[in-house]
Amino acid sequence: MREDIDPGRRERYMPSMIDDKIKSLNILIAPDKVLRAHARPVAAHDNQAVRELIPRMFATMYRAPGIGLAAPQVGLGLRLAVVDLMTNDKPAPIVMINPEIVALSKELATHEEGCLSLPDQYADVIRPALVKVRFLDQSGARKEIEADGLLSACLQHEIDHLDGVLFVDHISALKRNMIMRRLSKDMRQKREDALVG
Ligand code: NI
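Just so you know, we're using the numbering used here here: the sequence shown kicks off at 1178 and counts up by one.
Shown next as structure tokens:
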């Protein structure tokens, strides 16, 4: 599963979902310490902040464009993530507050993963094929999702972010170092291009 998606899909999909007035949040890029921290549970006193944050997280995710975004990726150490696979260009937004993995299958599956915090970097990641996740939705209702395929990988990837884990932690050190080196080179190049242009 790639956290980023083909922009064409976003174009077909976004207008109905995004209010132009909603400002995007800045997505942190690895290696940023915030991405490595354990996020804390959302508490009752966070309600107002979370209510304001959710539309901005969706807007940021759709504009990236991506299919998942966790609060630590926008610099907030809260156990909160948004997901929308946009399968068949149909909106299916999921808000997960304080998600918990309650079951994982023994059976494994491989998906190519990417991450908005590691732009343009991809690797095959092996994870449990099936996952059962419990969380609170936007209205505070208890939800449970059993997922397989892409959604399973995506939910696990986003919940990893809440514990400071990135998809590259699931691959060999050799591949991880290669990706991190390439990413820092890309980012340096981008900064240089921005200075010149
Ligand atoms: Ni990610």
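We treat Cβ as the ideally placed atom computed from N, Cα and C, and that holds for glycine.
Quick caveat: nothing in here was measured; it's all calculated off a predicted structure.
- In the DSSP annotation of this structure, the continuous segment of the beta strand (DSSP E) that includes residue 1296 starts and ends at 1295-1305.
- Rounded to the nearest whole angstrom, the CA to CA distance from residue 1227 to residue 1366 is 35 Å.
- Note that the segment 1199-1214 does not touch the segment 1255-1272; fewer than 3 beta-carbon pairs, one per stretch, sit closer than 8 Å.
- Residue 1278 carries a strand assignment under DSSP once its states are collapsed to helix, strand and coil.
- Taking a contact to require three or more Cβ pairs closer than 8 Å, the segment 1344-1363 and the segment 1312-1324 do not qualify as touching.
- C-alpha of residue 1218 to C-alpha of residue 1342: approximately 16 Å in a straight line.
- When secondary structure is reduced to three states using DSSP, residue 1212 falls in the helix class.
- Residue 1223 and residue 1369 have their C-alpha atoms spaced approximately 39 Å apart.
- Using a 10 angstroms sphere on the CB of residue 1290, the tally of other CB atoms reaches 16 or more, which defines it as buried.
- In this structure, residue 1273 and residue 1312 form a Cβ contact; the two beta carbons are roughly 4 Å apart against a cut-off of 8 Å.
- If you look at residue 1373, you'll find it in the alpha helix (DSSP H) that goes 1350-1373.
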